[in-house]
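Enquirer:
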Amino acid sequence: MKSGQGLELTRREFVTAGAAVAASAGLGLGAGWPTQAQVKALEDAGYEKKPVTCFVCGAGCGLYAMHPKGATPGERNVLIVPNHDHPQRGYCGRGASAMWYWNHPLRLKKPLKRAGERGEGKFTEIEWGQALDEIAARLKTVVEKHGEKGVALTSHDLTSIAQFFGYALGTPNIVNHAATCQTAGTISRRWIFAPPYDTNFRVDPDYENARYVLFIGRTLQASMGAQSRLAQAKSRGARAVYVDPRMPEAAMADGEWVPIVPGTDTAFALALAQVILADKSYDAEFLAKYTTLPLLITADGMPVTQAQIRPKGDATLYAVWDGKRSAMAFVGAKRDEEGKAIDYFGDLDAEPALDYTGQVKLLDGTVVPVSTAFNALVARCAEYTPAAAAELTGVPAATITRIAREFASLKGVCDDSWYNARNGNDFDACRMMVILNALVGNIDKPGGLCFTGSAGVGSLVSLQGKTGEVKNALGKSWTITETKRIDTVTYPESNGTFDAVYTAMLEGKPYPVRALFTVGTTLFYRDANTERVKKALKTLDLLVVQDILPQEVCDYADYVLPASYFLERPEVAGVKWTLQTAIQTSEPVLRAPAGCQGRDDAWMLMEVLRRAYPDRAERAGWLPEYADYEKYRSQAAPVIEQARLSAALKRAAEKDPDAPEKIRKALHTQGYAIVAKKKYRNTLWTKPLETASGRMEVYALRGLLNEKLRAKTDPLPKFTPIRAYRVPMGPNEFYLVSGKNPANGSGTAVFGWPGKFVGDRSVWIHPADAERLRVADGQMIEIEGLDNGVKGQARAKVTQRVRPGVLFTYGFSAGYRGRLGADPRFAFMSEGVNTHWFATGYAEPVIGNMANNVSVRVSAA
Amino acid sequence: MTVEAKKRLAHLFDTTKCFGCGACTVACTATNSPDLMLYEDPGWHSLATNIRRVEFNLRDRPGLLLVQCQHCESAPCVKTCPFGAMYNDAATGLVKLDERRCIGCSYCVAACPYNVRWKHPKTGLPMKCMGKGCEQLLAVGQLPACVQACPVGARAFGDLNDPGTEISRRVRNGRTVRLLEAKGTKPNYFVVV
Amino acid sequence: MMSFSDIQSQVDVARWGWDIAIFLWLVGISGMSTFAYYWVRRAPLAYAALITVLLGLAVVFSHLSRWWNLPRAVFYATLDFSFNWGSWMMLGILLLSIQAVICLVLAADHLRLGERFPALLKWPLVPTLLAWVPRLARSSALLVVFAGFGLLVTAYSGFLITQAVGVPLWNTALIPILWVVSAGTAVLALLEIFHLKGWIDERASHIVTRLAVASDGIKLAMLFTFLYVGLSASSAGARAGAATLVYGSLAPLLWIGVVLLGALVPVAVSLYSLKFGERRGLVFFAALLALGGGLLLRASVLLAGKFDPLLL
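Chains as they are written, first to last, in the working numbering: chain A, 1 to 861; chain B, 862 to 1054; chain C, 1055 to 1366.
1. Go ahead and pull the three-state DSSP assignment for K1176 (chain C).
2. Whole alpha helix (DSSP H) runs in the segment 450-509 of chain A with 4 or more residues, listed along the chain?
3. Is V1114 (chain C) helix, strand or coil by DSSP?
4. Give the DSSP bridge partners of D204 (chain A), in chain order.
5. Is it a yes or a no for the segment 144-159 of chain A touching the segment 517-536 of chain A, going by three-plus beta-carbon pairs under 8 Å?
6. Going by DSSP, name the residue or residues bridged to H766 (chain A).
7. Can you give me the Cβ contacts of S1269 (chain C) inside the same chain, cut-off strictly under 7 Å, excluding the 5 residues immediately before and after it?
8. Pull up the distance between the alpha-carbon of V378 (chain A) and that of D355 (chain A), whole angstroms please.
9. Report the rounded CA-to-CA distance for F1361 (chain C) versus T1298 (chain C), giving the unit in angstroms.
10. How long is the line joining the alpha carbons of F374 (chain A) and V698 (chain A), rounded to whole angstroms?
11. Let me make sure I understand the geometry here. Which of A:G752, A:Y735, A:L736 and A:V737 has the alpha-carbon closest to that of A743 (chain A)?
12. Do the segment 1108-1118 of chain C and the segment 1073-1089 of chain C meet, that is, are 3 or more Cβ pairs less than 8 Å apart?
13. In the segment 227-254 of chain A, which residues sit with their C-beta less than 9 Å from some C-beta in chain B, listed in chain order?
14. Examine the Cβ distances between the segment 273-281 of chain A and the segment 403-420 of chain A and report whether three or more of them are shorter than 8 Å.
15. With DSSP run on the structure shown, which of helix, strand or coil describes H67 (chain A)?
16. Does any residue of chain C bring its CB to less than 8 Å from the CB of P943 (chain B)?
17. Would you mind sorting Y1282 (chain C) into buried or exposed? The rule is 16 or more other CB atoms within 10 Å of its CB.
18. Taking all protein chains shown into account, do 16 or more other C-beta atoms lie within 10 angstroms of the C-beta of R681 (chain A), making it buried, or fewer, making it exposed?
19. Tell me which residue opens and which closes the alpha helix (DSSP H) that P638 (chain A) is part of.
20. Please classify E630 (chain A) as buried or exposed, where buried requires at least 16 other C-beta atoms within 10 Å of its C-beta.
21. The beta strand (DSSP E) spanning W257 (chain A) covers which residue range?
22. Within the continuous beta strand (DSSP E) that includes V360 (chain A), where are the two ends?
23. Touching or not, the segment 240-249 of chain A and the segment 220-231 of chain A, by the rule of three or more beta carbon pairs under 8 Å?
24. Can you tell me which of the three DSSP states P51 (chain A) falls into?
25. Leaving aside the five residues before and after S371 (chain A) along the sequence, list all residues of the same chain whose C-beta is less than 6 Å from its C-beta, in chain order.
26. Mind checking if T399 (chain A) is an interface residue toward chain B, Cβ cutoff 8 Å exclusive?
27. Have a look at I480 (chain A) and I548 (chain A) and give me their C-alpha separation to the nearest angstrom.
28. Could you check whether V589 (chain A) and A922 (chain A) sit closer than 8 Å to each other, using their CB atoms as the reference points?
29. For my contact list, V533 (chain A) and Y502 (chain A) are in at a C-beta cut-off of 8 Å; report their separation, rounded to the angstrom.
30. Chain B partners of M1143 (chain C), CB-CB under 7 Å?
31. Using a 10 Å radius around the Cβ and a threshold of 16 neighbouring Cβ atoms, would you call A59 (chain A) buried or exposed?
32. Taking the alpha-carbon positions, what's the Y842 (chain A) to V261 (chain A) distance?
33. Let me see if you follow: with CB-CB separation under 8 Å, is A1201 (chain C) close to chain B or not?
34. Buried or exposed: G745 (chain A), going by 16 or more other Cβ atoms within 10 Å of its Cβ?
35. CA-CA distance, Q779 (chain A) and K797 (chain A)?
36. If contact means a Cβ-Cβ distance below 7 Å, which residues of the segment 1126-1154 of chain C contact chain B?
Laid out in structure tokens, this is it:
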């Protein structure tokens, strides 16, 4: 066997095996996206194919790992390729680099115990037993002094694993990365669609059938499945518009780039709405039937309910003006005993008027003026004429008008956002992104903003907030008493503002958090205000970091535990970013590399629990014999995955008793199984949402109906100037915008050797600004945070891909300052700056959405 | 010196679809040079990949151009190789290297107007597209790694002598150019602009 | 990641740097030595021709990143006769092999091996071969051929790089001619050194000095022509290379190394010698400079070689 030349079969073996296939297969097999037949050809030539779900970023695209049968899989002979027919096919530079992380020279190999000060990065290697025992002992100490809630966990994409342990222990404080990532979008969807359609992949544009896609801040650097479907639409003439302070990579692919002043997305979107409303090019029927815009509201913005008008009226039926009968009507949703909406209710044949102003007589006799929520929207948008918006956004009025008209006439779709660069005022921007789709009636239609289905793959663990009941995938259930997540005390609407946990560490408010477990997440790339992060971590009694690579946060840990890599473990999951309801599987391809004792995060956490509180481990179904990692791998891990899969199979069997068999077969042979095809005009159209009204809450009731939130929130979006950072004024002051790229830009990908070349750690500057500051392309520049004076250096890249007055640098890419991972070969990771150094850590009130953009001063170095 | 081939295999790269994800560039290394995973080519300051990545600005529109061996019909590397190690494959037209005859003089590297060759640090071979890995993929009826990797169909590969192939269609219907045509190399790499 | 404006030097990729410069220089000296031998049929010149061609072959051989594969390459090329005679590299191998034999013959003539090592005469074929040596080495007709061949070898060292069409700066007829004139100047310098050592006579030296001045003059004229044409060439790579030489990072090497030290100083010394008579130390120093100037010229041109940017 010749070594080291790609696919490892000798030429003779290959030719013999492949000749027959090659003769019949021929080349240039067909449509641009190769089919399963080609992978089969490789299998016929002696290759084994294993489906894997990429985990280098949070998208989870479908891949195959190919390696020669009978040979030990390793770097030299495992080939990662896209799973072309997968509903969310891969891959990008990150996924293509998957084998670079597996046996990375810096991969964490053994448990480490801190040997110096926090931040020094000095450790000694210890055995697993010692590590877990010591952690368990220290955990107990913290719990005894501060209660279970004094223990927090955080993760990026392994939150369910952190919860698996956390809820077994009895702490509700699993707070993830969301605030600097997708909180604004998630909460905007929560307000408009209600769960489960708040999760970012439960609502997605139908890229494949789109005619016109508007991206406000979103760059689509993930998922590749989405890029693939968008490309197909574009080959049929679809257009893509990217509104962003910098030109995203995606815009290079025949997209229109609209440069915008950072933090003004809401104003831009309001102006689009203003044009559509003024042109009357909105879908009146849709708005009247399926949104809250026809609801009658009083001067204080509250909706009028039937209970206020009629004796024994229903407080969940909302007043509208029926244009057909010229009388008031009431609409809402009927709910079951558990409060789940089952059907639309009320005067279903009414034709609610959008534009109505009048009076209603309340039960007590008072007559109050009412108007429709639609009128409130019109009034809200009225001040955002294209000309006015042009002043704020820097986008020419003509462009705003044109885009609005193109969007309306083509029935475009506005992407509802995932990770966008954030300015701390993004909740309303995200709401507008969704609302634009409603205005043109493009919800759950081909080419519109659609709801995705869930295959029903069981979750690892679930917590019922009201009752405290916990259920897990080992089939166990129990109750915990503390269920309120700590960040929701300050940010009641947030889905994860970890900054609140830093406050708890530093100030002990609302109560102290003294222990933290980080599970596969890089605090320094994701959390704003780095100095504050460092200070907070230093206050902890116990910090345990679990990861595969020496992220900067490791330096502050008491214990660093090496984790398993996605290619080493099995996983079943729903396919996220696809309109088809599908399940995907990831099969283990490799063992941990020689010398590496990386183990599953769930195992580490539950073993800590078992040693600290054996009874709690037992109630969660964690048996003492799982202390033996191999036993856990062969017994517990498959049981968990099978339990999760079984939930989905059971649901599928309800429609087709043969479905489970078909699904299992499909999962094994092709890595995915489509459980249901996308049905358009389904959710919302045929059955209500879980919102208060059952309708799509363009005019949101969620804040209004909550006494605590009413005064602090607004049922409609409005533009708020940036508060997260000082707005740049002087000639050498700039916005510094952060973003991601599809070749790099994830916590794992930072370390990849390919990232040295396909990544970019420079700071982009517009040629006019560069000339004024006398900065040449490639020159080093000094960067200083306007708000906190923190300094950094980076190489300038003079490019037209950024607006004048704006700088850009990729997040999760540059400015690595870790000591544990300091290695001359990987010194490139330390180039450039991490925008979070300059960040204030501002969070939007109530919502908890944070900024990852900052403002800086620049000078030539 | 033009070579008549039964097939005329060619690459297509579409700048209107590429968004720079790097999948093809990394896949090339993984497929063709897995022995050089942590290598940095001192010439291009790049991965051990056959694909070069060039940023350009066309009429104020930034874009990306990915270049690799153009599999020229009139290849300067074939003309300059002393022992005939470089040759156009009779069946496919691809420019190939017969390792047995290569003495590592780097004449082909200096002769390539596209600058798409790089020296392997151990074998001394002048590397280029197609690498061994992709040759093996072609041998079993698969497309080269870079074409398979691309999530948005920015690449195509196939027989231009067959009007029914995807690449033939795209060359016929699209606005394509070839690079440095004036040099007389007759490249088989079509760039959609 | 490169940008459109990045024009890459061939030396970063193909690595035709100082070692190739030395090869071209040595081979050029050998070629012009056998050219000059027609007029100066002295041992030192013959030895110089032989040593430089052998050294040159050694240098270029060591440059090969797969030198160990040469026997196998020859074997397979012979098997189906795929020697590429269209390649100046292949022609060079042939030419240099023949040049080596010619130089060996010329050197052998002076070495009088048969007299010094009578034991050799006992070997088969040796007496016959040795008998042929003076016949070949002293035939005026053949010496014309050898001279022409030496010229061809020097020209080859120029054509070699013109054929590397990836580097447009080199793709000019000026290169082989410049190489011939430059190597000629170097050989004249060599002869100057031989004269100082007392190996050639005064009269020849006088001619040499005059020729050297003329030759340097022509060389400088050709060099400036080459640079001028390069600066206004139609291809960006050629322009970039010429610019690097004239006022870029290679300017010191060019202006100080090649022009000042390699040409102007030797010319000045020659003119001084012609007017005021020879100062041995000065002349020797100037001759070394002139000799070295040939190397620096080749190094400059190689290091300045750049690929064209890709144009859409």
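Ideal Cβ placement from N, Cα and C applies to all residues, glycine included.
Expert: On the basis of the supplied data:
1. DSSP places K1176 (chain C) within a helical segment (H, G or I) once states are collapsed to three.
2. Qualifying alpha helix (DSSP H) stretches, in chain order: 487-490 and 499-507.
3. Looking at V1114 (chain C) - three-state DSSP - the assignment turns out to be helix.
4. Note: D204 (chain A) sits in a beta bridge opposite A:C450.
5. Flag = yes, the segment 144-159 of chain A and the segment 517-536 of chain A touch.
6. H766 (chain A) is not bridged to any residue.
7. For S1269 (chain C), same chain residues with a beta-carbon under 7 Å away, outside a window of 5 residues either side, are V1235, G1238, T1239 and L1242 in chain order.
8. If I take the Cα positions, the gap works out to 10 Å.
9. Answer to the nearest angstrom: the Cα atoms are 13 Å apart.
10. Cα to Cα, the separation comes out at about 9 Å.
11. Residue A:G752 is the option with its Cα nearest to A743 (chain A).
12. Counting Cβ pairs under 8 Å, three or more are found: they touch.
13. The residues in question are Q227, S228, L230, A231, Q232, K234, S235, M247, P248, E249, A250, A251, M252, A253 and D254.
14. Because the criterion of three Cβ pairs below 8 Å is met, the segment 273-281 of chain A and the segment 403-420 of chain A touch.
15. The answer is strand: DSSP assigns H67 (chain A) an E or B state.
16. Chain C, which has a Cβ nearer than 8 Å to the Cβ of P943 (chain B), makes this yes.
17. When all chains shown are included, Y1282 (chain C) counts as exposed.
18. With fewer than 16 other Cβ atoms inside 10 Å of its own Cβ, R681 (chain A) counts as exposed.
19. First-last of the alpha helix (DSSP H) with P638 (chain A): A637 to K655.
20. Around the beta-carbon of E630 (chain A), fewer than 16 other beta-carbon atoms lie within 10 Å, marking it exposed.
21. E256 to P259 is the extent of the beta strand (DSSP E) around W257 (chain A).
22. V360 (chain A): member of the beta strand (DSSP E) spanning T357 to K361, first to last residue.
23. Yes, the segment 240-249 of chain A is in contact with the segment 220-231 of chain A.
24. Strand at P51 (chain A).
25. Excluding positions up to five away in sequence, the list reads T357.
26. In terms of beta-carbon proximity, T399 (chain A) stays away from the interface with chain B, with every pair separated by 8 Å or more.
27. Each residue's Cα considered, the two are about 31 Å apart.
28. Since the first residue shown for chain A is 1 and the last is 861, residue 922 (chain A) is missing from the structure and cannot be characterised.
29. Yes, V533 (chain A) and Y502 (chain A) are in contact; Cβ-Cβ is about 7 Å, under 8 Å.
30. Ordered by position in chain B, the residues that pass the 7 Å Cβ test against M1143 (chain C) are T941, P943, C966 and Y968.
31. Under this definition A59 (chain A) is a buried residue.
32. Those two C-alpha atoms are separated by around 19 Å.
33. Not closer than 8 Å to any Cβ of chain B, the Cβ of A1201 (chain C) fails to qualify, so no.
34. Buried is the call here.
35. Their Cα atoms are separated by approximately 8 Å.
36. Considering only beta carbons, the part of the segment 1126-1154 of chain C lying closer than 7 Å to chain B consists of R1126, A1127, Y1130, A1131, S1136, F1137, N1138, G1140, S1141, M1143, M1144 and I1147, in chain order.
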